[in-house]
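In terms of numbering that gives the first Met the number 0, the sequence shown has 435 at position 436, counting the first letter as 1, and numbering is strictly consecutive.
Glycine included, each C-beta is placed from N, C-alpha and C at the ideal position.
This report refers to the structure that appears directly beneath it.
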Amino acid sequence: MKGFPDTPKLLSQPTRRRPFYLRWRWLTVFLAAGYFLYCLLFSLSPFAHPLPKHTGPYAVGTIDIEAPVSPPRIIDPTLHFRGKKGDLPFELETVLFSVYYPTTYDQAKTCHHKRHTWIPNPLSLRAQGYAKAAHISNWFTDSIFTTAIRALVGSITIPAAVDVPLSSNITSHRIIIFSHGTVASRTDYSHYAGELASRGYVVVVLEHRDGSGPSSPIKRLGQPDKKRLLFDVSEVEREQDGLSPTVESFHQSQLNFRQAEIEEAVRIMKEISVGNSRQVFKQNPYHEGTQLAGWTGRLNTEGMVVAGHSYGATGAMQALKDGPTEARPFVGAIILDPGKQSGPLNTDINVPMLVVHSNSWSSKTSWFYGRAHFDTVKEIVEDNNKRGYLSWFMTSLGTSHPSITDAPLLEPYLLSFTTGATIDVYQGLRQYVHVAEDFLAFLQDGRIDRGLLAEKAEFPQYDEGSGLGMWKPGQGDNQQAWEEQGEWWDWRSYWQIHVSPLGNKEN
Ligand SMILES: *[C@@H]1O[C@H](CO)[C@@H](O)[C@H](O)[C@H]1NC(C)=O
Numbered sequence: 000m001k002g003f004p005d006t007p008k009l010l011s012q013p014t015r016r017r018p019f020y021l022r023w024r025w026l027t028v029f030l031a032a033g034y035f036l037y038c039l040l041f042s043l044s045p046f047a048h049p050l051p052k053h054t055g056p057y058a059v060g061t062i063d064i065e066a067p068v069s070p071p072r073i074i075d076p077t078l079h080f081r082g083k084k085g086d087l088p089f090e091l092e093t094v095l096f097s098v099y100y101p102t103t104y105d106q107a108k109t110c111h112h113k114r115h116t117w118i119p120n121p122l123s124l125r126a127q128g129y130a131k132a133a134h135i136s137n138w139f140t141d142s143i144f145t146t147a148i149r150a151l152v153g154s155i156t157i158p159a160a161v162d163v164p165l166s167s168n169i170t171s172h173r174i175i176i177f178s179h180g181t182v183a184s185r186t187d188y189s190h191y192a193g194e195l196a197s198r199g200y201v202v203v204v205l206e207h208r209d210g211s212g213p214s215s216p217i218k219r220l221g222q223p224d225k226k227r228l229l230f231d232v233s234e235v236e237r238e239q240d241g242l243s244p245t246v247e248s249f250h251q252s253q254l255n256f257r258q259a260e261i262e263e264a265v266r267i268m269k270e271i272s273v274g275n276s277r278q279v280f281k282q283n284p285y286h287e288g289t290q291l292a293g294w295t296g297r298l299n300t301e302g303m304v305v306a307g308h309s310y311g312a313t314g315a316m317q318a319l320k321d322g323p324t325e326a327r328p329f330v331g332a333i334i335l336d337p338g339k340q341s342g343p344l345n346t347d348i349n350v351p352m353l354v355v356h357s358n359s360w361s362s363k364t365s366w367f368y369g370r371a372h373f374d375t376v377k378e379i380v381e382d383n384n385k386r387g388y389l390s391w392f393m394t395s396l397g398t399s400h401p402s403i404t405d406a407p408l409l410e411p412y413l414l415s416f417t418t419g420a421t422i423d424v425y426q427g428l429r430q431y432v433h434v435a436e437d438f439l440a441f442l443q444d445g446r447i448d449r450g451l452l453a454e455k456a457e458f459p460q461y462d463e464g465s466g467l468g469m470w471k472p473g474q475g476d477n478q479q480a481w482e483e484q485g486e487w488w489d490w491r492s493y494w495q496i497h498v499s500p501l502g503n504k505e506n
């Protein structure tokens, strides 16, 4: 509900702002205090809810893999950490990811491993990363963060069986490589990834070490772990003059680093597919992957899908450049809330795309290289259709930027309180999963006669007035379709389609 319907929409202009750390500091303190007060007032538990079970026909298995990149790939040789010559922020030594994959319920039951915790060990390193992201990191706040995070989410585990065999029903598993947003990690999208795995897909969720994640240990067998904490442009300097690079070129280095990590993950999945899994297992400091020998010849490594959220969506789009190639064999992309501040979006795309905006991403008009961000995204999708690569662009109503992550499942009150999401959190994620499922099925068989994909674009622009709950079932629709389409018959409650390969709907 909008309080002031007549307020004109302004494009956000660059304004003079208070120093970043001041805003963050107050915001963090204010949010924490406000949240606990809110919980107290409404008798809600501030502690995280357990993650829900997955709903597809398969049980979900998971393994963590970290693999050495040897020799290390130096993505940007001109940059080093401030005052530390030779310490290169953009040197790729290992690649780390979680794999979520389909298994059988019987096999999942026999699993003896402990489940993965949602906050990977060491928890204090993660807490330090969050404190640094909030610009209040020192030994005192770090220990407060550690205590708070342990109390709030420390006991949360990911409901997937660790290191169990791959389901044998599918002959050639489609692989989805997923790239996360800023201040996120390999576990932040576990429910979305697990939902796709429970529908038969192998989902590889990266943990990027490009300085945009809160923290991540870099593990190399036989050597002490390196701590990679979040870092920003002010912490790196150029070899030649000791100055920081421009924000734009820093972001480009981060995106290039992410692309290299994506390529390395592809390489490891190919190694597993051709039967070199013994080597992958032996080099994995997480000691998982005992069942990988059974994956030989069972992965579709020719046609993978790349997906990403926010910064990760910008990175996924970049990974499509000049593609598909052997290093980046992507035949389709799922793009969720492509970045507004992570640099220009790549337009050299030669594969079908599903672009989904959260409600807040579409409703807030943002200035993006001289025009509205929404229009930029829309044009990329339209051009893709013109070149014959079927692509869709739509907004998921009632959702906010983090709706696709696990955060709203863990802390539903906190998330709707701070981000303005109005949709039921489970429903929100389910809608994201349904449309991805239809898109992935389309990549398999080329059919677009399912779900949302079969609809024309009804909203060339996002329409605030037809938001979540404004549409009533049956309105302007064929009621009979309800019988045939089940839950889909009232899709207008949840979606606005901006671009469809079937063109616009005439009113
Ligand atoms: C997998 O295959 C078995 C045996 O053919 C079958 O009973 C089972 O329903 C299949 N599972 C799924 C999720 O398709």
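Item: Heavy atom of ligand 1 within 7 Å of Tyr57 beta-carbon; Value: yes
Item: Asn503 CB to nearest heavy atom of ligand 1 below 7 Å; Value: no
Item: Below-8 Å beta-carbon distance, Leu165 vs any chain B residue; Value: Of the protein chains in this structure there is only one, and it is not chain B.
Item: Spatial neighbours of Asp5 in its chain, beta-carbon cut-off 8 Å, leaving aside the 5 residues before and after; Value: Model confidence at Asp5 stands at a pLDDT of 39, short of 50, so the residue's coordinates are unreliable; what they give is reported in the following sentence. Cβ within range, chain order: n/a, list empty.
Item: Close beta carbons around Met268, own chain, < 7 Å, minus the five adjacent residues each side; Value: Ile174, Val203, Leu298 and Thr300
Item: Per DSSP, the bridge partner or partners of Val354; Value: Ile334 and Phe392
Item: Rounded separation between Ser341 and Ser248 - CA only; Value: 10 Å
Item: Own chain partners of Gly468 with C-beta closer than 7 Å, once the 5 adjacent residues on each side are dropped; Value: Ser492
Item: Buried versus exposed, by CB contacts within 10 Å (16 or more), Thr313; Value: buried
Item: Three-way DSSP call (helix, strand, coil) for Ala318 in this model; Value: coil
Item: Beta carbon of Val355 nearer than 8 Å to that of Phe329; Value: no
Item: Straight-line Cα distance separating Ser167 from Thr418; Value: 42 Å
Item: CB of Ile271 within 8 Å of CB of Arg327, strictly; Value: no
Item: Contact test: Asn168 Cβ vs ligand 1 heavy atom, cutoff 7 Å; Value: yes
Item: Option nearest Gly180 by Cα separation, candidates Leu124, Arg257 and Ala107; Value: Arg257
Item: Alpha-carbon to alpha-carbon, His207 and Leu36; Value: 35 Å
Item: Own chain residues within Cβ distance below 6 Å of Pro500, not counting five before or after; Value: Asn384 and Leu389
Item: Backbone CA spacing between Thr364 and Arg219 [nearest angstrom]; Value: 44 Å
Item: Uninterrupted beta strand (DSSP E) stretches inside the segment 68-99 (no shorter than 3 residues); Value: 78-80
Item: Integer-rounded CB distance, given that His115 should sit under 8 Å from Ile157; Value: 5 Å
Item: CA-to-CA distance, Thr346 to Ala160, given in whole angstroms; Value: 39 Å
Item: For Glu236, the first and last residue of its enclosing beta strand (DSSP E); Value: Val235 to Arg237
Item: Residue nearest to Leu396 in terms of C-alpha spacing, selected from Tyr461, Arg227, Ala440 and Met316; Value: Tyr461
Item: Whole runs of the beta strand (DSSP E) within the segment 196-258, excluding any shorter than 3 residues; Value: 201-205, 214-217, 225-228 and 235-237
Item: Cβ-Cβ separation, Ile148 to Leu409 (assumed contact under 8 Å), whole Å; Value: Going by Cβ atoms, the distance from Leu409 to Ile148 rounds to 11 Å, so no, they are not a contact pair.
Item: Inter-residue CB distance, His497 and Phe438 (contact presumed, cutoff 8 Å); Value: Not confirmed; about 15 Å, so no contact.
Item: Nearest-angstrom beta carbon gap, Ser362 and Glu234 [assumed within contact, 8 Å]; Value: Wrong, their Cβ atoms sit about 34 Å apart, outside the cutoff.
Item: Alpha helix (DSSP H) runs contained entirely in the segment 102-177, provided each spans 4 or more residues; Value: 104-108, 122-132 and 138-152
Item: Continuous beta strand (DSSP E) stretch holding Ala306: start and end; Value: Leu298 to His308
Item: With 16 other Cβ atoms within 10 Å as the buried cut-off, status of Phe443; Value: Just to set this straight, residue 443 is Gln in the shown sequence, not Phe. Exposed is the call here.
Item: Euclidean distance between Cα positions of Leu254 and Ser276; Value: 28 Å
Item: Rounded C-alpha distance that separates Asp240 from Val246; Value: 16 Å
Item: Segment contact flag, the segment 306-324 with the segment 288-295, C-beta cutoff 8 Å, min 3 pairs; Value: no
Item: Close beta carbons around Gly153, own chain, < 8 Å, minus the five adjacent residues each side; Value: Thr116, Ile118 and Leu122
Item: Cβ contact check for the segment 189-197 and the segment 209-218: 3 or more pairs under 8 Å; Value: no
Item: Cα-Cα separation between Leu78 and Phe89, rounded to whole angstroms; Value: 8 Å
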